[in-house]
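In what follows, a single structure is set out as structure tokens and then discussed.
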Amino acid sequence: MTQADFESILRAHQAMVYSIAYHFFRNGAVAEEIAQDVFLQLYQTRQTLASPAHVVAWLRRTTTHRCIDAARHRSRRKEVPLDELPDVPDTRSERDLLLSETLQKMVASLPAKPRAVVILRYSEDMDVEDISRVLEMPVRTVWTHLRRAVALMRDKASRFVPVSEARRHASIR
Amino acid sequence: MPPFDNDLREALRRREPPPGFAERVLARAGNLGRHERPAFTWRWAAAATAVILAGGSFLYERHLQRVAGERAREQTMLALRLTGSKLHDVRQHLFELQRRTIELPE
Amino acid sequence: MRKLVPVLLLSLLATPAAAQQINLQSTLERLAAKTANKTEVNLDASMLKLASQFLSDGDKDEAGAKKLVESLKGVYVRVFEFDKPGAYAPGDLDPLRGQLKGRWGQIVSMHEKDETVEVWMHQEGDNTTGMMVISMEPQEVTVVNLVGMIRPADLAALSGQFGIPTIETKKD
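Residue numbers (the numbering used here), protein chains in the order written: chain A, 1 to 173; chain B, 1001 to 1106; chain C, 2001 to 2172.
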């Protein structure tokens, strides 16, 4: 892999790697640290990757495993820092923004492996067989993690009412 | 696609890294030969192997205990999360019942 | 069959010493027979003590769990997953309920949408020394048996913590 190849891969896939780590921890600093380490690992081991698809698979696998390992060692997994502003102006309604934030928090608070499954499924749009290869777990286990996590979050989200809407409701007599 | 799946996809949509991310990675990659050590994981793997070979069965026993302890920890958290989830549902249900009871006309 | 042998041995060795620990192996046989997809957790006092050593004080949820398990003597969980609704009957849990009636009090029975949750408590004087949570959904049954001293603050922590973010609900 030449320097130019590496730079090209970095620029093409930085968002994917950063995103997986960000949604895992909801922490920009941690996400950047992990994302940098993933690319440096790629650089140092001089991986010879046969095709663009292999590059993506390697990056996803490495990022996810680093996130799972880091989650086991981090003591501040549940502490969500002040989040940065969205990258682009967000024109969604207040309800949608708050729901998104709540869902992100729920995902980030799942146990490590179910969290990885949900992120790979919904952020990376991977199918269950591919997720099972990345995480080196049986397909059935992936399904179980997914079903349970989504059912739990769906149930919690179904009772979701943004604070401002709740106050408006409370004032109606 | 079910609406909730859409909500999850929206919530977990790709995020761009902060500006300058690629430049920072390239700078570190450029420094690697000069200043930085080999990858974190390789260094720890080499150190762990040396310790284990030198330590023998005592360390192996400790390792087994750590594995058992980690598993016990995971199972404890799983059990408490399952319990917590169900009790949360009950609490929410009771809260709703109480709210509806208060609103009943006389 | 190989998988069942250690479970059976465990259940024989772990004969409940007190009324607050129910033998989940024998009382849930009917359910177990209807699915191969099961999750099982068996943590006696020594395993809980070991787990406690690995729970992090720096993590809010794990610190909370550490505090909670201090007074517990056992945590036993069974989760049964079924391929389709109707694969089990509510009556399959009657052997378990039969063990609970008389010695335990059912404090909550909730039915909402597709889920039924029962909460049973074992009292000794003013103290709660056991809790059983039974949850039935169309394709999943969860049974949790906590053995040991359970304080009201523990219940509040359980229902409000452990990775489930609190969400605003409609208020008056």
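Where is the CB? At the ideal position from N, CA and C, for every residue including glycine.
Who are residue i's beta bridge partners in DSSP?
i, result
"B:F1021", "Answer by DSSP bridge pairing: none, since B:F1021 is not bridged."
"C:N2127", "C:E2124"
"C:L2072", "C:G2148"
"A:M137", "Paired residues: none, contrary to the question."
"C:N2037", "C:E2081"
"C:M2132", "C:W2120, C:N2145"
"C:N2042", "C:Y2076"
"C:E2115", "C:E2112"
"C:E2137", "C:E2140"
Give every residue of the same chain whose Cβ lies closer than 8 Å to the Cβ of residue i, excluding the five residues on either side of it in the sequence, and list them in chain order.
i, result
"A:V56", "H13, M16"
"B:D1005", "none"
"A:T62", "V38, Q41, L42"
"A:Q104", "H23, R26"
"C:Q2099", "I2022, N2023, T2027"
"C:A2036", "none"
"C:M2149", "S2071, L2072, N2127, T2128, T2129"
So residue i is in the beta strand (DSSP E); what residue range does that whole segment cover?
i, result
"B:E1016", "Premise fails: B:E1016 is in no beta strand (DSSP E) and is neither H nor E."
"C:I2107", "2105 to 2112"
"C:T2142", "2140 to 2148"
What's the call for residue i, buried or exposed, on a 16-neighbour Cβ count within 10 Å?
i, result
"B:L1080", "buried"
"A:L10", "buried"
"A:P114", "buried"
"C:L2096", "buried"
"B:R1013", "exposed"
"B:L1008", "buried"
"A:V139", "exposed"
"B:G1084", "buried"
"C:E2140", "buried"
"C:F2080", "buried"
"A:H73", "exposed"
"C:Q2053", "exposed"
"A:L110", "buried"
"C:K2101", "exposed"
Within its chain, find whatever has a CB closer than 6 Å to the CB of residue i; leave out the 5 residues flanking it on each side and keep chain order.
i, result
"C:A2045", "K2073"
"C:Y2076", "L2024, N2042, N2145"
"C:V2180", "Given that chain C is displayed from residue 2001 to residue 2172, the structure contains no residue 2180 of chain C and the question cannot be resolved."
"A:M153", "M106"
"C:Q2020", "H2122, T2129, G2130, V2147"
"C:R2030", "D2092"
"C:D2154", "L2068"
"C:S2056", "E2062"
Return the first residue and the last residue of the alpha helix (DSSP H) that residue i is part of.
i, result
"C:M2047", "2045 to 2054"
"C:G2098", "2094 to 2100"
"C:A2032", "2029 to 2032"
"A:L120", "112 to 122"
CB-CB under 7 Å to residue i, same chain, minus the five flanking residues each way: which ones, in chain order?
i, result
"A:H145", "K113, P114, V117"
"A:I68", "A112, K113, A116"
"B:E1023", "none"
"A:R129", "The amino acid occupying residue 129 of chain A in the given sequence is Glu; Arg does not appear at that position. Correct list, in chain order: V139."
"A:M126", "L120"
"C:L2048", "V2069, L2072, V2075"
Is residue i near the ligand GTP - that is, is its Cβ less than 8 Å away from at least one heavy atom of it?
i, result
"C:V2108", "By its list of ligands, the structure shown contains no ligand whatsoever, and the ligand GTP lies outside what it can speak to."
So within the segment 13 to 55 of chain A, which uninterrupted beta strand (DSSP E) runs reach at least 3 residues, ignoring any that extend past its ends? none
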